[in-house]
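First the structure, in the form of structure tokens, and then the observations on it.
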Amino acid sequence: MSAIGLKIPLPRSRHVLPGFSLSLGFTLFYLTGIVLIPLLALIIRPFELGWDGFWTAISTPRVLASLRLSFGMSALAAVIDSVFGFIIAWVLVRYRFPGRGVLDAIIDLPFALPTAVAGIALSTLYAPNGWLGSLLIPYGIRIAYTPWGVLVAMVFIGLPFSVRTLEPVLGEIGHEVEEAAATLGATRVQTITKVVIPMLMPALLTGAAMAFARGVGEYGSIIFIAGNIPMVSEIAPLLIVTKLEQFDYAGAAAIGVIMLAASFVMLLALNGLQAWSASRR
Amino acid sequence: MSKKLFDGRSGSRQRSFARPTDDPLWLKALLGAITVGFIGILLLLPLVLVFKEAFADGVGAFVRAVIEPDTLASVRLSLMAAVIAVPLNSLFGIAAAWCVAKFDFPGKTFLVTLIDLPFSVSPVVSGLIYVLVFGAQGWFGKYLIGHDVHILFALPGIVLATIFVTFPFVARELIPLMQDQGRDEEEAAATLGASGLGTFLRITLPNIKWGLLYSVLLCNARALGEFGAVSVVSGHIRGQTNTMPLHVELLYNNYDYVGAFAVSALLAMLALITLALKSLLEWRYADELAAVHRR
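Residue numbers (the working numbering), protein chains in the order written: chain A, 246 to 526; chain B, -3 to 291.
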């Protein structure tokens, strides 16, 4: 066997560069072990009791209320982030002023600041006796320990997504298109609404989708400011933790599967958006 | 370049007119004020508050809170988790980028999507999946208890959760960067008889070093700061399985505000240093980072 093996040249690799099997093998091994097998454990778990078991775990009023809060508030937060993200990206890309670089770098703060730190800082800030909370109390506005606290935290962590996806596209558009529109007699408002915003649409939607996805799953920065009142200000990720603490693994996994399914849908939507924006270039 | 030329020409002829793409001054002032106000209130104020509260009772109280044994234990645990998770994910990132960027194979796009997956999974779900695998009622729970192996509520669980949430950082930076750089240089080296390792060390690594550093920096910041995923698997044993962010939560819930904000200030300083280095890399080595970060 070995004598024959020596005579016949081994099948040569089709690749010029070495290390294909090694790198792909390690990649697949690591991906499977760390990500895929544990995710599979999550997907299978709630169905051990069949569809009925899964449905019973999901359809309690408390679970539905938490899902409604998580998805509803992060959708609202994504809209707010898109509006202000557009203004901020416009100012940072188009205007030149001292301190611009620092403002631009600070945008990434919610990425870099640990969520627990953001959580206790926001909570202290918007508490009735906090710097901002005490200003709002005379007007009867309470933010901390209400669903609006959830919204503030979600706007905070989502902002960099919309600014960072808009900035490069806004820079690429440049002045030429707008000058062309002006030459053809468009007013400034028409230029913005009919030329600039349609060109920015894929980036606006991508940023909003990313902020939404982040908001739905966010935990650390929200739980301190939310007050976590069941049915009122209890987010879905917190309910997972609560169910785990009660050793209700299947119940926790059922909510987890819903959130994972939402992540998949968002990931597909984002891939679709990327393909759309690439086709428009 | 062409834009500059055009600007120069129109500038000399139309100096007295407002250019059609220039916003009027009142609009500039309004949008500028909204930007500064929004960033100031939403982002800067919480940061200022962290440092103010940390030093509310003076520098002495801050130092006492930081050198408290349980706090130091949490710092040690966070560093340990990062020291294990970051190199493993870097190695994975390099391997993934090498096979994706230098070779063609079916299913490549799908593989890249899978690598990105942990970013879109909620941190709590990231912790939950390991509870379902290694927990008492999990897949390997009985076996692990029988052999007295502790994964959950111990360092291995914390490391696993940290690896999961920082999983794509290095790979998603290096994949587009190495795809941009192509394979010509490596193929030339291979043709001239260089070994695989030699090619990697002398050609690829110098080409990707700033991108690698950039992604390791972000990976490290997230590893030290992760809260949700680690919270689910840690068990919150004070002084033993509490990482820095978990210790912040514990102190805050015990009404030890100076302590909570002192540890937060350490983490916030780390975040600021990370942001500063990140901006520096984006400014100085923009050409050697993946195109998305070029300004």
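For each residue, glycine too, the CB sits at the ideal point set by N, CA and C.
Taking the C-beta atoms as reference points, W376(A) is found nearer than 8 Å to L45(B). At the C-beta level, V121(B) and G501(A) come within 8 Å of one another. With respect to the C-alpha of V127(B), the residue from A357(A), L489(A), L505(A) having the closest C-alpha is L489(A).
Ranked by how close their Cα comes to the Cα of G378(A), the residues A448(A), I470(A), F271(A), L284(A) have I470(A) in first place.
Every unbroken stretch of the alpha helix (DSSP H) spanning 4 or more residues and falling wholly within the region 199 to 248 of chain B is given here in chain order: 201 to 221, 224 to 230. Around the CB of G33(B), fewer than 16 other CB atoms lie within 10 Å, so the residue is classed as exposed. Comparing alpha-carbon positions, the option among I204(B), G103(B), G153(B) lying closest to I80(B) turns out to be G153(B). Within chain B, no C-beta atom comes nearer than 7 Å to that of Y384(A); the closest sits roughly 16 Å away. Annotation for I111(B): the continuous alpha helix (DSSP H) segment containing it runs 104 to 116. If you look at K138(B), you'll find it in the alpha helix (DSSP H) that goes 137 to 142.
At the C-beta level, A361(A) and E245(B) come within 8 Å of one another.
Under the Cβ criterion of 8 Å, Y275(A) is counted among the residues facing chain B. By the rule that beta-carbons nearer than 8 Å mark a contact, W135(B) touches chain A. The DSSP-derived three-state label of V145(B) is coil. In chain order, L512, N516 make up the part of chain A whose C-beta sits under 8 Å from the C-beta of T109(B).
Straight across, the Cα-Cα distance linking L312(A) with I288(A) is about 18 Å. Apart from sequence neighbours up to five positions away, the residues of its chain that approach V254(B) with a beta-carbon distance below 8 Å are E49, A50, A52, D53, A57, F58, A61, ordered along the chain. About 5 Å separates the beta carbon of V129(B) from that of A286(A), a gap short enough to meet the 8 Å contact definition. A distance of 8 Å or more separates the beta carbons of L242(B) and A357(A).
Here E412(A) carries a helix assignment [DSSP, helix/strand/coil].
Around the CB of A92(B), 16 or more other CB atoms lie within 10 Å, so the residue is classed as buried. The DSSP-derived three-state label of I171(B) is helix. For G501(A), the nearest beta carbon of chain B is closer than 8 Å to its own beta carbon. Interface criterion met: the Cβ of T17(B) is under 8 Å from a Cβ in chain A. Contact check for S315(A) against A398(A) fails: the beta carbons are separated by 8 Å or more.
Residues of the region 308 to 332 of chain A with a C-beta atom less than 8 Å from some C-beta of chain B are F329, I332, listed in chain order.
In this structure, I418(A) sits near V441(A), with a CB-CB distance shorter than 8 Å. Neighbours of F163(B) in chain A, taken as residues at a C-beta separation under 8 Å, are given in chain order as I279, V280. Of all alpha-carbon atoms in D252(B), A258(B), L170(B), the one lying nearest the alpha-carbon of V288(B) is that of L170(B). For G224(B), the CB contacts under 6 Å within the same chain, skipping 5 residues up- and downstream, are P119, V120 in chain order.
Excluding residues up to 5 positions away in sequence, V440, V441, M444 lie with their Cβ nearer than 8 Å to the Cβ of V422(A) in the same chain. Taking the Cα positions, G452(A) is about 32 Å away from P291(A). Residue nearest to Y248(B) within the set F331(A), I437(A), A366(A) is A366(A) (criterion: CA-CA distance).
In the three-state DSSP reduction, I480(A) falls in the coil class, being neither helix nor strand. Neighbours of L173(B) in chain A, taken as residues whose beta carbon is under 8 Å from its own, are absent, since the nearest beta carbon is some 16 Å off.
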